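Number of protein chains: 2
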Amino acid sequence: MNTFMKLAHDEAVHGSGNGDGGPFGAVIIHQGTVIATAHNEVLKSNDPTAHAEMLAIRKAASVLNRFDLSDCELYTSCEPCPMCLSAIYWARIKTVYYGCTRYDAADIGFDDNAIYEYLKQPALYTDTLKLISLNRDECLAGFQLWRDKADKIIY
Amino acid sequence: MNTFMKLAHDEAVHGSGNGDGGPFGAVIIHQGTVIATAHNEVLKSNDPTAHAEMLAIRKAASVLNRFDLSDCELYTSCEPCPMCLSAIYWARIKTVYYGCTRYDAADIGFDDNAIYEYLKQPALYTDTLKLISLNRDECLAGFQLWRDKADKIIY
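Protein chains in written order, with this note's numbering: chain G, 703 to 857; chain F, 703 to 857.
Have a look at this one:
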């Protein structure tokens with residue numbers, strides 16, 4: 703088994719064994735070195751965003767002191783859910799190795815695939831989540847301030 | 703302007719004015735009361751996941767001491783990106799009010815829509831991000847342990 707994937711897998715087994723959350727682990731590698739390991743802590747921290755990949759990204763960004771992780775690789779014991787995959791995208795990570803698939807996750811009760819389907823056409827699923835437009839014109843004023851801000855950092 | 707949306711908008715203006723991050727704010731309401739306000743802190747905290755909605759969800763979950771926010775509503779100054787929308791889904795929030803659209807965000811340099819397109823067919827965008835299957839069989843062993851765990855909490 704790949705050394706880094708074994709670390710991710712061991713995190714998954716350790717964390718779920720502890721009751722911290724579901725059986726998911728992730729590690730982030732920078733220049734051949736492990737800079738972050740994490741496992742799902744949704745139950746431990748009562749944080750619905752505390753997926754293994756999210757925590758690993760936050761740790762790695764903290765270690766490197768930058769939000770751009772484009773020179774890092776991520777190993778995760780399961781295919782990332784759309785939240786985590788989007789976070790990976792924002793972090794500019796270019797390569798992700800994953801163990802189990804989203805369908806394997808659904809088989810044990812974590813239906814990431816339902817979110818993938820939801821995101822394709824949110825308007826079909828208003829029973830799940832209603833997205834309601836409100837005060838767009840007023841909020842655009844905030845965007846205009848940003849556009850006009852002379853000293854902004856583009857990222 | 704709606705009172706809660708004004709709070710979200712004010713957070714967006716305040717945070718981006720400070721240089722904490724882009725012009726995005728969010729608030730979470732529980733039983734008519736504001737329990738969390740947040741703005742984008744990607745630059746301040748060097749955390750690529752520190753979007754307004756993510757931080758608001760984490761604060762609200764901490765206040766209520768539970769990951770299930772199904773009795774909460776979220777107001778955000780801009781349509782959530784897929785990371786945040788997925789987090790909202792995981793938090794079981796049922797109603798989201800948003801100000802600006804994803805296209806307005808793209809106009810000021812935050813191309814959330816590109817991630818929406820990416821998530822529809824990740825296999826088309828391997829130049830952006832490669833997802834590589836590795837050691838699935840070994841990782842499935844961790845899922846089997848979870849399946850067999852007698853005292854697990856289903857969530």
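We put the beta carbon where it would ideally sit given N, CA and C, even for glycine.
None of these values were measured; they are calculated from a predicted model.
Alpha-carbon spacing of residue i relative to residue j, whole angstroms
{"i": "residue 703(G)", "j": "residue 849(F)", "result": "22 Å"}
{"i": "residue 812(F)", "j": "residue 722(F)", "result": "15 Å"}
{"i": "residue 820(G)", "j": "residue 822(F)", "result": "10 Å"}
{"i": "residue 862(G)", "j": "residue 806(F)", "result": "The first residue shown for chain G is 703 and the last is 857, placing residue 862(G) beyond what the model contains."}
{"i": "residue 707(F)", "j": "residue 718(F)", "result": "17 Å"}
{"i": "residue 762(F)", "j": "residue 797(F)", "result": "15 Å"}
{"i": "residue 852(G)", "j": "residue 709(G)", "result": "45 Å"}
{"i": "residue 792(G)", "j": "residue 750(F)", "result": "6 Å"}
{"i": "residue 824(F)", "j": "residue 801(G)", "result": "17 Å"}
{"i": "residue 816(G)", "j": "residue 730(G)", "result": "26 Å"}
{"i": "residue 776(G)", "j": "residue 845(F)", "result": "20 Å"}
{"i": "residue 711(F)", "j": "residue 725(G)", "result": "38 Å"}
Chain G contact for residue i (CB, 9 Å cutoff)
{"i": "residue 798(F)", "result": "yes"}
{"i": "residue 732(F)", "result": "no"}
{"i": "residue 774(F)", "result": "no"}
{"i": "residue 714(F)", "result": "yes"}
{"i": "residue 709(F)", "result": "no"}
According to DSSP, residues forming a beta bridge with residue i
{"i": "residue 833(G)", "result": "798(F)"}
{"i": "residue 774(G)", "result": "732(G)"}
{"i": "residue 741(F)", "result": "727(F)"}
{"i": "residue 780(G)", "result": "802(G)"}
Closer than 9 Å to chain F by CB, residue i
{"i": "residue 803(G)", "result": "yes"}
{"i": "residue 691(G)", "result": "Nothing can be reported for residue 691(G): it is not among the residues displayed for chain G, which extend from 703 to 857."}
{"i": "residue 751(G)", "result": "yes"}
{"i": "residue 826(G)", "result": "no"}
{"i": "residue 821(G)", "result": "yes"}
{"i": "residue 841(G)", "result": "yes"}
{"i": "residue 739(G)", "result": "no"}
{"i": "residue 815(G)", "result": "no"}
{"i": "residue 763(G)", "result": "yes"}
N-terminal and C-terminal residue of the alpha helix (DSSP H) that residue i is part of
{"i": "residue 845(G)", "result": "838 to 850"}
{"i": "residue 761(F)", "result": "754 to 766"}
{"i": "residue 703(F)", "result": "Premise fails: residue 703(F) is in no alpha helix (DSSP H) and is neither H nor E."}
{"i": "residue 815(F)", "result": "814 to 822"}
Test: residue i CB closer than 9 Å to a CB of chain C
{"i": "residue 847(G)", "result": "In the displayed structure, chain C is absent; the protein chains listed are G and F."}
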